[in-house]
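Protein chains in written order, with the numbering used here: chain A, 150 to 274; chain B, 150 to 274; chain C, 150 to 274; chain D, 150 to 274. Glycine is no exception: its CB is placed at the ideal position from the N, C-alpha and C atoms. In this text, all values refer to a predicted model and were calculated from it rather than measured experimentally. Below is one structure, written out as structure tokens, with a few remarks after it.
There are 4 protein chains.
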Amino acid sequence: MTTDGDTTVGALRQAVARFVDGREWWPFHTPKNLSMSIAIEAAELMERFQWLTAEEAQQASQVPAERSCIADELADVVIYCLSLSNALDLDVSSAVLGKLQINEHRYPADEFRGRFRRPERGKKV
Amino acid sequence: MTTDGDTTVGALRQAVARFVDGREWWPFHTPKNLSMSIAIEAAELMERFQWLTAEEAQQASQVPAERSCIADELADVVIYCLSLSNALDLDVSSAVLGKLQINEHRYPADEFRGRFRRPERGKKV
Amino acid sequence: MTTDGDTTVGALRQAVARFVDGREWWPFHTPKNLSMSIAIEAAELMERFQWLTAEEAQQASQVPAERSCIADELADVVIYCLSLSNALDLDVSSAVLGKLQINEHRYPADEFRGRFRRPERGKKV
Amino acid sequence: MTTDGDTTVGALRQAVARFVDGREWWPFHTPKNLSMSIAIEAAELMERFQWLTAEEAQQASQVPAERSCIADELADVVIYCLSLSNALDLDVSSAVLGKLQINEHRYPADEFRGRFRRPERGKKV
């Protein structure tokens, strides 16, 4: 069984590429359409939590049937992200690690510990 | 340098977890909030293509400065997806490969080759 | 001063049309692009509440400066909705009242009072 | 029959309020949840155009059955916008007209005619 510990991003990208290739769906998989698709699937993921309080959402996420729905919707978002990276030949891993490095500087741990806004910008979280 | 070919999904998940840990942001990273965050970043990715024709979007995606913006926005979506998988302890790789398998059956290559709708449902693509 | 009590939907649609006309933006205001724009502005509205608890969001919505930001983002969503109705010559009022009538039947008050799911589907809200 | 020409925004807001009242759905209609709902419905509207080219989307929008689906999805977005304005007691008309006035200054007709970016920012549209 595959798990995140031994599956490369590249292996997932290839699985997505094979699926799209098999249906000759590349003409539909333009950057513009794929960005819409990512947003559409993101909305379906949100729908799982739309009317739940934060606590209810947390609880629902522990129920096996609901977990499996959430995993499915998350997979849809990730699949389209990988298809966009295939369409544009972008390396996801360097994009992610590069962005985390930028964020390290943008959100210094000392200033943002336990808060999502700088203290001086007002509102304690 | 890291690339998708030799980076596991698990390694990216750990990098994201370290970032969130370092700021003690877990209380904010509830499933509900993260689903909103994924959708918000997906919208920022769409914004790169909002007013462009399909062709202009394709061309823009080849310009280095624009490619780097797109990679950045894509990274934001993926980072929140990985944070959600961390928050819920969901295995992204099995979710993705499992969903592709479901889609193999839902969209048989023979019926959907070059079309995103079944022929009988009308409208040729 | 204009208020919702004495402003017709048509008057708002005309104000939006004049703005778009003045810039000759119709070629950009295709149905596809406008649907993206509505979603992008909806995400900016969500951003106001992204990291807030339900209670914090409610409180923030009473602070004048924040209220004004929220009103601005809501206006952006509505403006693009009105531009889409202009582009497609769709009557918003009949669409809204028609949909509410459908929903009256789909969500009978007796079964859905205080719940967003039918009782028999399980989960008490 | 109601039309945009003789329907006030306030009348639509009241129709939405009656619907929500009848089901005692106010506890669900928090600002945070409604912002998610607007985004979710916006995504369903986008879905109508997801895989279509700009031209196909335009054509589809003229087909009666498809027009009616689009009107329905647009109505869903607008209904949640009106419910948010009810929940926060925000005047939609002044928000919209106020924002258009801001945009008049932000996007001077002379500089933005036929373009969505300032000429000096490069890229001719």
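#1: Cβ atoms of residue 226 of chain C and residue 249 of chain C: under 8 Å apart, would you say?
#2: Measure the alpha-carbon distance for residue 158 of chain C versus residue 267 of chain D and round it to whole angstroms.
#3: Taking Cβ-Cβ distances below 7 Å as the criterion, which residues of the segment 193-209 of chain A are in contact with chain C?
#4: Less than 7 Å between C-beta atoms, sequence neighbours within five positions excluded: which residues of the same chain meet that for residue 173 of chain B?
#5: Are at least three pairs of beta-carbons, each pair with one atom in the segment 206-213 of chain D and one in the segment 177-185 of chain C, less than 8 Å apart?
#6: Between residue 196 of chain D and residue 228 of chain A, is the Cβ-Cβ spacing less than 8 Å?
#7: Helix, strand or coil: which one does DSSP assign to residue 252 of chain C?
#8: Since residue 157 of chain B sits in a beta bridge, which residues does DSSP pair it with?
#9: Going by beta-carbon coordinates alone, are residue 164 of chain D and residue 246 of chain C separated by less than 8 Å?
#10: Measure the C-alpha to C-alpha separation of residue 153 of chain A and residue 240 of chain D and round it to an integer number of angstroms.
#11: Within its chain, find whatever has a CB closer than 8 Å to the CB of residue 187 of chain A; leave out the 5 residues flanking it on each side and keep chain order.
#12: Listed in chain order, which residues of the segment 217-243 of chain C have Cβ atoms closer than 9 Å to some Cβ of chain B?
#13: Have a look at residue 252 of chain A and residue 222 of chain B and give me their C-alpha separation to the nearest angstrom.
#14: With a cut-off of 8 Å, does the C-beta of residue 188 of chain A fall near any C-beta of chain C?
#15: Within 10 angstroms of the Cβ of residue 217 of chain A, are there 16 or more other Cβ atoms? Answer buried if so, exposed if not.
#16: Assuming residue 216 of chain C is part of the alpha helix (DSSP H), what are its boundary residues?
#17: Here's the rule I'm using: 16 or more other beta-carbon atoms within 10 Å means buried, otherwise exposed. How should residue 162 of chain A be labelled?
#18: Measure the C-alpha to C-alpha separation of residue 224 of chain C and residue 224 of chain B and round it to an integer number of angstroms.
#19: Given a cut-off of 8 Å on the beta-carbon distance, is the pair residue 192 of chain C and residue 192 of chain B in contact?
#20: Please list the partners that residue 191 of chain A has in chain B, where partner means a Cβ-to-Cβ separation under 7 Å.
#21: Give the straight-line distance between the Cα atoms of residue 156 of chain A and residue 244 of chain B, rounded to the nearest whole angstrom.
#22: In chain D, which residues lie less than 8 Å from residue 265 of chain B when you measure between Cβ atoms?
#23: Along chain D, in chain order, which residues have C-beta atoms closer than 8 Å to that of residue 164 of chain C?
#24: Beta-carbon of residue 262 of chain B versus every beta-carbon of chain A: anything under 8 Å?
#25: Starting from residue 184 of chain D, trace the alpha helix (DSSP H) both ways and give me its first and last residue.
#26: Check for me: the alpha helix (DSSP H) holding residue 261 of chain C runs from which residue to which?
#27: Using a Cβ cut-off of 7 Å, pull out every chain D residue sitting near residue 168 of chain A, in sequence order please.
#28: For the alpha helix (DSSP H) holding residue 207 of chain C, just list the boundary residues, first then last.
#29: Near residue 235 of chain A, what residues of its chain come up, given a Cβ to Cβ distance below 6 Å and the 5 sequence neighbours on each side ignored?
#30: Going along chain D, which residues have a C-beta under 7 Å from residue 182 of chain A?
#31: Closer than 6 Å by C-beta to residue 273 of chain A: which residues in its own chain qualify, once you throw out the five before and the five after it? Chain order, please.
#32: Please list, in chain order, all residues of the same chain as residue 198 of chain D whose beta carbon is under 7 Å from its beta carbon, the five residues on each side excluded.
#33: Beta-carbon of residue 214 of chain D versus every beta-carbon of chain C: anything under 8 Å?
#34: Are residue 200 of chain D and residue 265 of chain B touching if we call contact CB-CB under 8 Å?
Straight from the coordinates:
#1: no
#2: 31 Å
#3: Result list: 200, 202 and 203.
#4: none
#5: yes
#6: no
#7: helix
#8: A:157
#9: yes
#10: 49 Å
#11: Once the five neighbours on either side are set aside, the close Cβ partners of residue 187 of chain A are 226, 229, 230 and 233.
#12: none
#13: Straight-line Cα distance between these residues: approximately 13 Å.
#14: Answer yes: the Cβ-Cβ gap between residue 188 of chain A and chain C drops below 8 Å somewhere.
#15: Exposed, because fewer than 16 other Cβ atoms sit within 10 Å of the Cβ of residue 217 of chain A.
#16: 213-237
#17: buried
#18: 29 Å
#19: yes
#20: 187, 188 and 191
#21: 12 Å
#22: 200
#23: Those are 245, 246 and 249, listed as they occur along chain D.
#24: yes
#25: Boundaries of the alpha helix (DSSP H) around residue 184 of chain D: 180-196.
#26: 258-261
#27: Those do not exist, as residue 168 of chain A stays about 16 Å from chain D at its closest Cβ, beyond 7 Å.
#28: 203-209
#29: 162 and 166
#30: 199 and 200
#31: For residue 273 of chain A, the pLDDT reaches just 44, beneath the cut-off of 50, and the residue's location in the model is therefore unreliable, although a value from the coordinates is still provided. Closer than 6 Å at the Cβ level, and outside the excluded window around residue 273 of chain A, lies no residue.
#32: 206
#33: At a cut-off of 8 Å between C-beta atoms, residue 214 of chain D does not count as an interface residue with respect to chain C.
#34: yes
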